[in-house]
Amino acid sequence: MTPPTAETLNSNSNEIWTLVTRRRGKPITHPAYRSKTPTQSSKFGTPSSWTPTDSSSDPERESKLLRQMQCAILQLDNSRFVSRFLSRLRDPKIQEGFNKLLASGSPIQIVAYGIGSIESYKVPRLQLALALLLKKELGVRAAGPIEVFDPVLSAVECAVLEALGCRLIVVDECGRRETAVPTIFYMPHCEAALYDNLLDANWKPVMLRKMVVLGNSFGVYERYVSEMRGVCGSVSLEVDGRHLLGIRRYVREMEMEERNSDRDIKEDEEEDLFYKAFHDMSWHFFELDDDADMELLCK
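Following this line, the structure appears as structure tokens:
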């Protein structure tokens with residue numbers, strides 16, 4: 001990954017995790033929240049009622065979108081990327097993390113934040129497809145439907161999500177869900193403030209140990225903040241990500257896909273698409289004792 005420069009930083013805190021990377025010699029800009037511009041409530045962390053952006057139903061659009069999702073699932077399922085993803089998922093260290101989650105005797109819930117508009121873009125369809133594949137791979141260890149929220153979802157998209165077996169979250173939680181049960185939070189390329197809200201809502205060792213985050217690399221964000229210190233807007237980076245930065249020493253992070261020469265040698269259009277959808281994502285497991293000084297960590 002090519003480190004961000006001062007020119008790539010927008011002082012608007014809504015874009016505090018915008019990274020510029022290079023793929024096959026071409027720069028690719030990945031917005032922190034893509035088309036999913038945060039609402040004022042999510043920016044300031046106040047949960048609020050929510051309704052779809054477009055409340056009108058349309059059976060024809062729903063049928064078309066469902067077919068597109070089925071194609072995305074099939075494409076992902078037959079890809080080299082998913083072989084790398086599953087290989088990493090079955091790594092003993094990741095399985096150990098899941099086993100610790102399951103030690104309470106409760107199955108794992110999957111919550112997906114920030115999927116984006118699955119009707120408008122292929123990348124969000126692939127990201128949703130991966131969540132569905134993850135649930136399938138976990139089998140009986142993952143209970144209930146995947147719970148999904150994004151403020152940009154339309155009524156058509158909501159209907160298709162339900163047809164795929166997902167459950168819509170009807171309140172904009174702003175990421176502030178407390179982990180009452182073991183939970184995987186699937187958050188592909190969300191803004192740093194959303195991750196920080198999630199950590200803030202669970203800022204106790206016993207709660208953090210109940211959750212796993214599959215999303216943007218915390219390590220990459222930490223390096224980004226370190227490199228941008230002193231640049232205009234850098235103070236907001238640390239403020240909006242203070243919990244994320246504070247917890248880093250207690251996070252065991254593993255890249256979400258197994259790295260091997262297959263990806264480097266066999267570059268093609270499909271690999272580029274998967275890269276856009278999933279680059280720099282990691283598994284994050286929280287490992288801290290009950291007596292950790294949480295107040296000190298986020299100062």
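Reading the sequence shown from the start, the letters are residues 1 to 299 in full-length UniProt numbering.
Idealized CB from N, CA, C, for every residue including glycine.
Counting only the Cα atoms, residue 286 lies some 25 Å from residue 150. For residue 155, the enclosing alpha helix (DSSP H) stretches over residues 155-163. Under the rule that a run must span 4 or more residues, the alpha helix (DSSP H) segments found entirely inside the stretch 185-236 read 192-201, 205-208, 218-228. For the pair residue 125 and residue 187, the CB atoms are not nearer than the 9 Å cut-off.
According to the DSSP secondary-structure assignment, residue 283 is paired through a beta bridge with 214, 254. Three or more pairs of CB atoms, one per stretch, sit closer than 8 Å, so the stretch 124-142 contacts the stretch 84-100. A contact between stretches requires three or more CB pairs, one per stretch, nearer than 8 Å, and the stretch 136-150 fails this requirement with the stretch 209-217. Relative to the Cα of residue 190, the nearest Cα in the group 273, 204, 240 belongs to 240. In this chain, the alpha helix (DSSP H) harbouring residue 73 covers 59-77. In this structure, residue 273 sits away from residue 182, with a CB-CB distance that is not shorter than 9 Å. Below 8 Å, enough C-beta pairs join the stretch 136-147 and the stretch 89-107 to call them touching: three or more. Note that the stretch 149-169 touches the stretch 107-124; at least 3 beta-carbon pairs, one per stretch, sit closer than 8 Å. The C-beta separation of residue 196 from residue 243 comes to about 5 Å, placing the pair in contact by the 8 Å criterion.
For residue 277, the enclosing alpha helix (DSSP H) covers residues 269-278. Counting other Cβ atoms within 10 Å of its Cβ, residue 210 reaches 16 or more and is therefore classed as buried. Rounded to the nearest angstrom, the gap between the Cα atoms of residue 202 and residue 175 is 10 Å. Residue 140 carries a helical assignment under DSSP once its states are collapsed to helix, strand and coil. Within the DSSP bridge table, the entry for residue 113 names 149 as partners. Residue 172 and residue 46 have their C-alpha atoms roughly 9 Å apart. Selection 269, 268, 168, 205 evaluated against residue 293 yields 205 as nearest (Cα-Cα).
Per the DSSP secondary-structure output, residue 108 pairs in a beta bridge with 142. With respect to residue 53, residue 153 sits close: the two C-beta atoms are nearer than 9 Å.
Taking all protein chains in view, the Cβ of residue 192 is crowded by 16 or more other Cβ atoms within 10 Å, so the residue is classified as buried. A Cβ-Cβ contact shorter than 9 Å links residue 283 with residue 94. Linking residue 227 to residue 245 through their CA atoms gives a straight-line distance of about 14 Å. Counting only residues of its own chain and dropping the five nearest sequence neighbours on each side, residue 57 has a CB closer than 8 Å to the CB of 155, 156, 159. Looking at the backbone, the Cα of residue 89 and that of residue 257 are separated by about 8 Å. Ranked by Cα distance from residue 180, the first of 107, 166, 60, 55 is 107. For residue 182, there is no enclosing alpha helix (DSSP H), since its DSSP letter is neither H nor E. Annotation for residue 248: 218, 222 place their beta carbon closer than 7 Å to its own, counting only its chain and skipping 5 residues before and after. In this structure, DSSP gives residue 288 a state outside helix and strand, which the three-state scheme calls coil.
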